[in-house]
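Enquirer: These protein sequences, in sequence, are chains A and B.
With the working numbering as the guide, the letters of the first sequence map in order to residues 260 to 536.
With the working numbering as the guide, the letters of the second sequence map in order to residues 531 to 1444.
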Amino acid sequence: MDLHTITEVIPRGDAPGQRWRAGDAWLAGGTWLFSTPQPDLRRLVDLTTLGWESLVVGDAGVEIGATCTIRELHGFTPPAEWTAGPLLAVSCEAFLASFKVWNAATVGGNICMSLPAGPMISMSVALEATYTLWAPDGSERVVDAADFVTGDQENILGAGEVLRRLDVPAAALQKRYAVRRMSLTRLGRSTAFLIGTRCPRTGELVLTVTAATTRPVRLRFATPPDAMDLRRRLHEAIPDDLYFDDPNGTPEHRRHLTAYFAEQIRVELTSDGGVAA
Amino acid sequence: MTYHVNGRTFSAEPAPGQCLRTFLRELGHFGVKKGCDSGDCGACTVWLDGLPVHSCITPAFRADGRAVTTIEGLAADGRLHPMQRNFRDAPGFQCGFCTAGMVMTAACLDQSQLADLPRALKGNLCRCTGYRAIEDAVQGLVATEAAPPGNAVGASVAPPAADDVVTGRAEYTMDTAVEGLLHLKLVRSPHPHARIVAIETEAALAVPGVRRVYTWKDVPRKRFTTAIHTDHLVDPDDTFILDDVARFVGQRVAAVLADSVAAAEAGCAAVTVTYEALPAVFDPEEAMSPGAPQVHAGDSERFIRDPERNILLNLHGHVGDVDAGFAEADVIHEATYTIPRVQHAHLETHGSITWLDADGKLNVRTSSQSPSIAKVKLAHLFDLRPDELRVFCRRVGGGFGGKQEVFTEDICALATLDTGRPVSLEFTREEEFIGTSPRHPMKISVKLGARADGRLTAFQFRNVSNTGAYGNHGGETLFASMGSAIAIYRCPNKKLDGYSVYTHTLPSGALRGYGMTQPAFAVECAIDELARALGQDPMELRRKNIVRPGDPLVSVEAGPSDVSFSGNGLDLCIDAVDRALREACEPPPGEDWLVGTGTAISMHDTAPPTEHISEAWVTLQADGTYEVAIGTVEFGEGTTTAHLQIAADQLRTATSRVRIVQSDTDRNGFDTGAFASAGLFVAGNAVLAASRALQARILSFAAEHTGVDVGSCVLDDDAVRCAGARVLLSELAEAARTRGILLAEARKAYGSPRSVAFNAQGFRVAVHRMTGEIRVLHSVQATDAGVVINPEQVRGQVEGGVVQGLGFVLTESFQLDDEGRMRNPNLRNYRIPTYADAPRTDVICVPSTDSVGPMGSKGIAECCINPVAPALANAVADATGVRFRHLPLTPDRIYRRLVSEAVRPRPAELPDTA
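1. Using a Cβ-Cβ cut-off of 8 Å (strictly less than) and excluding sequence neighbours within five positions of residue 533 of chain A, which residues of its own chain qualify?
2. What residue from B/1376, B/758, B/1391, B/903 has the CA that sits closest to residue 1167 of chain B's CA?
3. Of the residues B/1185, B/857, B/1395, which one's Cα is nearest the Cα of residue 1445 of chain B?
4. With 16 as the cutoff for other CB atoms within 10 Å, does residue 539 of chain B come out buried or exposed?
5. If the cut-off is 8 Å on Cβ atoms, which residues from the stretch 563 to 596 of chain B count as contacting chain A, listed in chain order?
6. Based on the DSSP output, what are the partners of residue 1289 of chain B in its beta bridges?
7. Against chain B, with Cβ distances strictly below 8 Å, would residue 271 of chain A count as a contact?
8. Just how far apart, CA to CA, sit residue 1039 of chain B and residue 975 of chain B?
9. From residue 1155 of chain B to residue 1221 of chain B, what does the alpha carbon distance come to, in whole angstroms?
10. Mind listing which residues of the stretch 459 to 472 of chain A have their C-beta closer than 8 Å to chain B's C-betas, in chain order?
11. What is the DSSP secondary structure of residue 1044 of chain B, counted as helix, strand or coil?
12. Would you list, in sequence order, the uninterrupted beta strand (DSSP E) runs of no fewer than 3 residues that lie entirely inside the stretch 1331 to 1416 of chain B?
13. Counting only Cβ-Cβ distances shorter than 8 Å, please list the residues of the stretch 260 to 284 of chain A near chain B, keeping chain order.
14. Starting from the C-beta of residue 320 of chain A, find all residues in its chain whose C-beta is less than 7 Å away, skip the five residues before and the five after it, and write them out in chain order.
15. Cβ closer than 7 Å: which chain B residues qualify as neighbours of residue 363 of chain A?
16. Helix, strand or coil, according to DSSP, for residue 1231 of chain B in the structure here?
17. Kindly identify the DSSP beta-bridge partner or partners of residue 990 of chain B.
18. Tell me whether residue 494 of chain A is buried or exposed, calling it buried when 16 or more other Cβ atoms sit within 10 Å of its Cβ.
19. Residue range of the beta strand (DSSP E) that residue 1302 of chain B falls in?
20. Cβ of residue 1361 of chain B less than 8 Å from any chain A Cβ?
21. Contact between the stretch 834 to 848 of chain B and the stretch 995 to 1006 of chain B: three or more CB pairs below 8 Å?
22. Report the neighbours of residue 1354 of chain B on chain A: residues whose CB is nearer than 7 Å to its CB, in chain order.
23. Any contact of the stretch 640 to 647 of chain B with the stretch 600 to 614 of chain B, i.e. 3+ C-beta pairs under 8 Å?
24. Just confirm the distance between the C-beta atoms of residue 489 of chain B and residue 652 of chain B, as a whole number of angstroms; I'd bet it's less than 8 Å.
25. When the Cα of residue 689 of chain B is compared with those of B/623, B/780, B/1046, which residue comes out closest?
26. Who are the Cβ neighbours of residue 480 of chain A in its own chain at under 6 Å, not counting the five residues just before and after it?
27. How should residue 536 of chain A be labelled, buried or exposed, when 16 other C-beta atoms within 10 angstroms of its C-beta is the threshold for buried?
28. Could you compute how far the alpha carbon of residue 1332 of chain B sits from the alpha carbon of residue 991 of chain B?
29. For residue 1056 of chain B, which residues of its own chain have a beta-carbon under 7 Å away from its beta-carbon, when the five flanking residues on both sides are left out?
30. Check the Cβ of residue 653 of chain B against every Cβ in chain A and list those closer than 8 Å, keeping chain order.
31. Quick check: the stretch 876 to 883 of chain B against the stretch 944 to 955 of chain B, are at least 3 beta-carbon pairs closer than 8 Å?
32. Quickly, what does DSSP pair residue 893 of chain B with across the bridge? List them, please.
33. Name, in chain order, the residues that DSSP records as bridge partners for residue 341 of chain A.
34. Mind checking whether residue 1162 of chain B and residue 1209 of chain B have CB atoms under 8 Å apart?
35. Would you decide whether residue 472 of chain B is buried or exposed? Buried here means 16 or more other CB atoms lie within 10 Å of its CB.
36. Using C-beta distances below 7 Å, list every residue in its chain close to residue 355 of chain A, excluding the 5 sequence neighbours before and after it, in chain order.
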């Protein structure tokens, strides 16, 4: 929709957050920004002119530029040895938005939107990614993806700070994984999106709960839990008020689905003894 | 900046925050539609360097220097793109508002996407078709057919607008550029109930571009009802154009007129309203209790049955003796069912454009189901003579009852009459949800008594309907709710009580099914529950108790009626669905899925009980073709095609030689409106009678002209065969003209006497006992459509009705907070079915010939929705053993009882894991 209060679109150079002021917003794909009234915004700071590389594969893993489109990520063919590589595309397919929106929407935009159901958050937390953030003064900080989103549409970004890239470590991409997702309509927005991974070397099981909770919750199990352990850990880690309440699900339903799916993931990832040779 | 659109280059500068959709429309590409303006519906899909995007969420400046392709640019060298041909020939549309976006999306799918249409098309919403026709279009299936002259009825003739719809040329309400157009935006109440103490407009008027700010002080102090009926007395005059009391969150409080939408929005933000908040009541039962806040007091009280108890209307009836009937019963079932608000979600939002023409006549171009009645209302509000006012519609992008109201025309007309300038008001999608008229929430208690053999002995029904803050349609829907759903069963003892109650929530209104959908849910679930209590098959129980030809149709009272039927359409519908479901054997999708079947039936009068009139004018043109002028609006229901077929057959000609001129009070006669399935039944009868009369007139003129006996004259496509000679119609028209004669006839038709249409719906469903997900495995509807004018259109209407009905049960949830504020006023969170949510429905037309409609036809676009919800709920109960009496059945609402109460899957139901 037209954002009538916008007076200026600003292309920015290497320190894009400089001269940030109230009423400014980052513009990447714009697919969320233009989808809802923004009466408080005055200027859009365009990130797509910065020429950040979308996907860089190396020994350490994959570096995903914040302006990488969902289309590019979905079309990326990960190296065959990355057993969890398909999670990248599977997470794209968890979007409510159709492939047409993927042509413009970005990975960083989805993360910084910080909706509970943001599938790029689910993917990056489950794959133990780090985020590199740029402050307005050009300085950089690196944070664990699990610590970035703090609530429904809330995150740790300061004013004028921008998400520059994600680093997804090869070690996480070489794990086994299992996914469970539910939406109230067939291909709708996630009510609950759970991802489990299992390390083939150590046997560690990592369970990531998203969409059901207002922020991502990641649980690590050095040795696979039994059903009771799992239930107890979920109960301890997720207080009732952390379950999200919106038109796409009730907190009670989400708590129920979380327990149900978590157990399914536990069984799936431990059914064959877990630790591969 | 330089823009390349469809091969043409434009040098233009969009506003910094402008989206590509409005920019392209400013450049004249009106095929780029607005359904949601938020990236959810896909109606605005265009290509950017060959990739499809939603232009409403694409910043306009991003298209700088890139190639943009819109629907208007898809055809190359005047030849339709293959996907356009597919959508035309399938046909893959009804109202056609989503079609441009559908075609632009489907035309660029690769093989893997074509193999997964649920995913590929999930970003394109269609509210009309139920998606089967779209699937067929994408796959290149053709259902339309050419009909020989004089034999169009019974053939799937293509809609005459098909070429225009698939090319983006079809003009909808907002698809026009008007010089000097001003724009209105509305300030809406944040309070459910408040007195407006003061409205400060100075700051708004100081905003550059703002011309006027209208408040309650600036409007005629005349009460009216926004609801549309010929007889305005059936709906209460309880509404002002702008009022000094707000009675629901979202009620319009002020209107800002400005040079641009941006200025009008800024003006709205600058209006300061001082409210005195007043106590509010949201639940109808509470609203009826002593001491509840009174929604309407003062002058409008005289339209209200009991203003202190907020009762707009109460209806009571008692036939026989229910107490004696229950005493006689071996089994009694009693339960309460609730049916919530749901939204039409037609893809074209409400909107009007008004101007004064050179003669000073007020022109109103609007998205309405009834220009004739909109005209009557505007004439009343602004003291205009009929000749000072014209109301018309171009193609309308869906209605479903939502446009049987005056929501935008009045305030636009006010502004044009005030300023003399052309004025536009176009609702946003959010305004559709918070400022129009969803279905009436009803709470219905049903008590049934039956003998052990299944014979009904007593039938008690109590309905409390929530009309919201205003009474539009509240009385008529209450009346409808106490009609056919009850009259469909024979029972000597019936007692009915109904209340239409005001609350401080948004007003309810007309919606497909019109007060009959809610009682169909309650009664058909109750019948199913009674059958289970009796240990009988529900369809067998229905067979024992349904009305038969010769029976009176009794609900509130046994009295004179203009409704009758003589056929066994209902038996045939029951048999067809019963048989289809017994043969259905889809396995459960996996572990933890429970499978069951459910059915429901319904009956629907073929016209409304209120006065319904339509006038048709049929004229032989100078070139020997025909023009049919008829008031009915086309919004995808297909009456234009049916009228064409009816006229062509009467005039023994090809449909290509008949042109329909419609929905314009300056160009056709009076028409009550396209609702209550009257577009076919009433307007179709007018077209039939006028065409028949013109046939006789032409033959008699031809006989005189050629000097032969009229008995030897017959119409033959473009000519009349007079004994041995063949005289061209153009020659006859010319001969008539020289004598000062116009070969034309006018006839009126009325919605009386009426017939009934029956239908039956069956579902086989799977229910996941842990997550609460419901999947439809099999869907079948049998419909008693009478003589079918256009088989593909009948099929399309039923399919669309079933999917809309399923949306109301399975996916859509209209959520209000404690103050009556909607939590999810957008298509992202109010989830109408997507392609992926829509099962295919087998549509069976049973033969029947008892209709007094044109050629023996019956309108079926409306009634098809009524049995959907109960059949689904009955199937869920059959599958799980758990009865859900409160809609919707979304997973989050039903999982808890399933987890604790549902039966375990029977071994036979488990999937074969071998």
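Every residue gets a Cβ at the ideal spot worked out from N, C-alpha and C, and that includes glycine.
Expert: Once the coordinates are examined:
1. Residue placement at residue 533 of chain A is flagged as unreliable, the pLDDT there being 44, under the threshold of 50; the coordinate-derived value follows with that caveat. Close CB contacts of residue 533 of chain A within its chain, under the 8 Å cut and outside five residues either way in sequence, are with 457, 462, 464, 483 (chain order).
2. B/1391
3. Residue 1445 of chain B falls outside the range modelled here, since chain B spans only 531 to 1444, and no answer is possible.
4. Its Cβ having fewer than 16 others within 10 Å, residue 539 of chain B is exposed.
5. 567, 568, 569, 570, 572, 575, 578, 581, 582, 583, 584, 586, 587, 588, 589, 591, 592
6. B/1132, B/1313
7. no
8. 22 Å
9. 13 Å
10. none
11. Under the three-state reduction of DSSP, residue 1044 of chain B is assigned to coil, being neither helix nor strand.
12. 1372 to 1375
13. 260, 261, 262, 263, 264, 265, 266, 267, 268
14. 426, 427, 428, 429, 432
15. 583, 588
16. helix
17. DSSP, once it has assigned bridges, lists B/977, B/1025 as partnering residue 990 of chain B.
18. Around the beta-carbon of residue 494 of chain A, fewer than 16 other beta-carbon atoms lie within 10 Å, marking it exposed.
19. Neither: residue 1302 of chain B is in no beta strand (DSSP E) and is coded neither H nor E.
20. yes
21. yes
22. 506
23. no
24. Residue 489 of chain B lies beyond the range of chain B shown here (531 to 1444); nothing can be said about it.
25. B/623
26. 464
27. With a pLDDT of only 35 at residue 536 of chain A, under the threshold of 50, the placement of this residue in the model should not be trusted, and no figure is reported.
28. One C-alpha to the other measures close to 26 Å.
29. 863, 865, 976, 978
30. The answer, in chain order, is 356, 357, 358, 359, 360.
31. yes
32. According to DSSP, which records beta bridges pairwise, residue 893 of chain B is partnered with B/885, B/920.
33. DSSP, once it has assigned bridges, lists no residue as partnering residue 341 of chain A.
34. A contact, by the Cβ cut-off of 8 Å.
35. Since the displayed chain B opens at 531 and closes at 1444, residue 472 of chain B lies outside it and no answer follows.
36. 447, 448
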